[in-house]
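Trainee:
Numbering (our numbering), first residue to last: 34 to 214.
(1) Does the Cβ of residue 196 lie closer than 6 angstroms to at least one heavy atom of the ligand MN?
(2) Could you compute how far the alpha carbon of residue 202 sits from the alpha carbon of residue 196?
(3) Going by the DSSP bridge assignment, what does residue 108 pair with across the sheet?
(4) Counting C-beta neighbours from all protein chains within 10 Å, is the total for residue 55 16 or more, i.e. buried, or is it exposed?
(5) Could you pull the DSSP bridge partners for residue 41 from this structure?
(6) In chain order, which alpha helix (DSSP H) runs of at least 4 residues are fully inside the region 98-169?
(7) Note down the Cα distance separating residue 208 from residue 136, rounded to an integer number of angstroms.
(8) Would you kindly check if the distance between the Cβ of residue 205 and the Cβ of residue 194 is under 7 angstroms?
(9) Is DSSP giving residue 67 helix, strand or coil here?
(10) Taking the alpha-carbon of residue 177 as reference, which of 127, 58 and 78 has the nearest alpha-carbon?
(11) By how many angstroms is the C-alpha of residue 109 removed from the C-alpha of residue 210?
(12) Taking DSSP's pairing of strands, which residues face residue 183 in a bridge?
(13) Taking buried to mean at least 16 other C-beta atoms within 10 Å of its own C-beta, is residue 141 buried or exposed?
(14) Express the C-alpha separation of residue 118 and residue 159 in angstroms, rounding to a whole number.
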């Protein structure tokens, strides 16, 4: 018998002062049985960083052909492809060829550092790719927000994300390993 995904609901209020974008959204996240709490919360944080009415979670780990999150346009093209983890260059190349903009969120300090050393030169050629790194300490703090029913407020200013709920608050800073031009 296959395990089913666990459903999480998030009411998210985003005030992105860097992009002058303000948004209230009710989101549903399906956590795949093999997905960790940290990874699911990083998916949510990636959504918050690029918050938009058209930004959607995909089938994620259940669909190899799709990113974790994407923003499609009226012509079914992909404006933004959001990926998590440490993908092979082939997958990044595919994302960059199919989307106007690609954002990759890396984590897992030791593995990510090694992956970046091995792939930095190859990935730097993609002009529509941004790579964001979140260290283990910040990821652990982010994970504390993960409950089946979340009510989150996020303020983004000068690249920092202040995230809070009724009990927790944290300031998160991604390290930009690569920013698209």
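Every residue, glycine too, gets a C-beta built ideally from N, C-alpha and C.
Values in this document were obtained by computation on a predicted structure and should not be read as measured data.
Mentor: Let's see:
(1) Looking at this structure, you won't find the ligand MN or any other ligand, since it has none at all.
(2) 6 angstroms
(3) Answer by DSSP bridge pairing: none, since residue 108 is not bridged.
(4) exposed
(5) 62
(6) For the region 98-169, whole alpha helix (DSSP H) runs of length 4 or above, ordered along the chain, are 122-131 and 142-156.
(7) Between the C-alpha atoms of residue 208 and residue 136 there is a straight-line separation of about 13 angstroms.
(8) It is a contact, given that the beta carbons lie within the stated cut-off.
(9) Note: residue 67 maps to coil in three-state DSSP.
(10) 78
(11) 29 angstroms
(12) 43
(13) buried
(14) 17 angstroms
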